[in-house]
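Notes follow the structure.
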Amino acid sequence: MIRNEIEIVYATLGALVKSYPELSSPPRMVYDYTPERIMGDAFPAVGIQRLSNPQHKLIDKHEDYARSKHNGVEYVWREAGRFDVACQVALFVSASETIVNPTTFIRGWVHHVEKRIIDEVRFATVGDPVDGEMLRLRSLAEPFQQEAKLLVSAKLTLHAEGKYLSGQKTIHEEQSKKPLIVVSVTL
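Per our numbering: the sequence shown = residues -19 to 167.
Right under this line is the structure:
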C-alpha cells in the first residue's frame, strides 16, 4: 500500500481551513489550483498548491511502527524517515456575495487558521491509512492579502512535516509455516 504524503497534507490543510466557524457552508476546495479554476465556480473557495516537492530524510529502522487493515488486507508500517513540504493555502471570497464585509471576513478566516497553527502545532492527519498520525504545521511568511473589485483573497505559506512510513502486506503465520520442499538433483 502506498501512503501519499501530498494527499494527506492537502486533506489535513483542507480540514484546518474548513474549521472556521463563520463559514455558512464548507468552502469549495481546489487542489493544485490555478486562477482560472478558482474563478470558474462558487465562493468562498480554498486553493491549495505545493511550493516544493516533498523532501525525505531517511532513517533505517527495522521494527514495526504500526499496523492497519484495509479491504481485508493487513499492512505493517515501518518508519522510514521524515518528510516535509511547503504549501500555499489561498482563501478566496467574492466581493459581490452576501458577506457584508468580505475584507473583514477573510482577515478573520486567516486569523483563525494562524491561531490554530500557533496553538496546536500538530494536527491529526486526514485521509491517512495509518491511524493516529500527526502532521506538524507552521507558517513560513506573513499572509499576503489582495483586494479587487470582485474578489478578495489571502495567501498563506505553510510548512508541513510528518513521518515517512513504508507499508507492506503482512504474512500470516499459517502461510509462513508451510513446509519448504527442497529438491536436489545430482548429475
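Just so it is clear, CB atoms sit at the ideal spot from N, CA and C, and this is done for glycine as well.
- Item | Where E(-15) falls: helix, strand or coil (DSSP) | Three-state result, E(-15): helix.
- Query: In angstroms, rounded to a whole number, what distance separates the CA positions of Y(-10) and Q35?
  - Reply: Here the alpha carbon of Y(-10) sits roughly 16 angstroms from the alpha carbon of Q35.
Here's the rule I'm using: 16 or more other beta-carbon atoms within 10 Å means buried, otherwise exposed. How should G27 be labelled?
With at least 16 other beta carbons inside 10 angstroms of its own, G27 counts as buried.
Report task. To the nearest angstrom, report how far apart Y144 and R58 are at their CA atoms. Result -> One C-alpha to the other measures close to 9 angstroms.
Q.
Please tell me whether F124 and T(-8) are closer than 8 angstroms, where the distance is taken between their beta carbons.
A. No.
Subject >> Nearest candidate by alpha-carbon position, reference R87, set H50, L117, G147, Q126 >> reply: For the set H50, L117, G147, Q126, the Cα lying nearest the Cα of R87 is the one of Q126.
Using the C-alpha atoms, what's the distance from G52 back to L120?
Going by the C-alpha atoms only, they are around 41 angstroms apart.
**Study point:** Whole-angstrom distance between R116 and V65, CA atom to CA atom
**Key:** Between V65 and R116, the C-alpha separation is close to 11 angstroms.
* When H92, G107, L38 are compared against L3, the one with the closest alpha-carbon -> Nearest C-alpha to L3 among H92, G107, L38: H92.
**Message:** I believe A46 touches V110 by the beta-carbon criterion, under 8 angstroms. Please report the beta-carbon distance rounded to the nearest angstrom.
**Reply:** Confirmed, about 5 angstroms.
Quick check on this structure: which residue in V80, K149, S5, H139 has the alpha carbon closest to the alpha carbon of I(-14)?
Ranking V80, K149, S5, H139 by Cα distance to I(-14) puts H139 first.
Q: Drop a sphere of 10 angstroms on the beta-carbon of I(-12), count the other beta-carbons inside from all chains shown, and report buried for 16 or more, exposed for fewer.
A: Only buried fits I(-12), as 16 or more other CB atoms lie within 10 angstroms of its CB.
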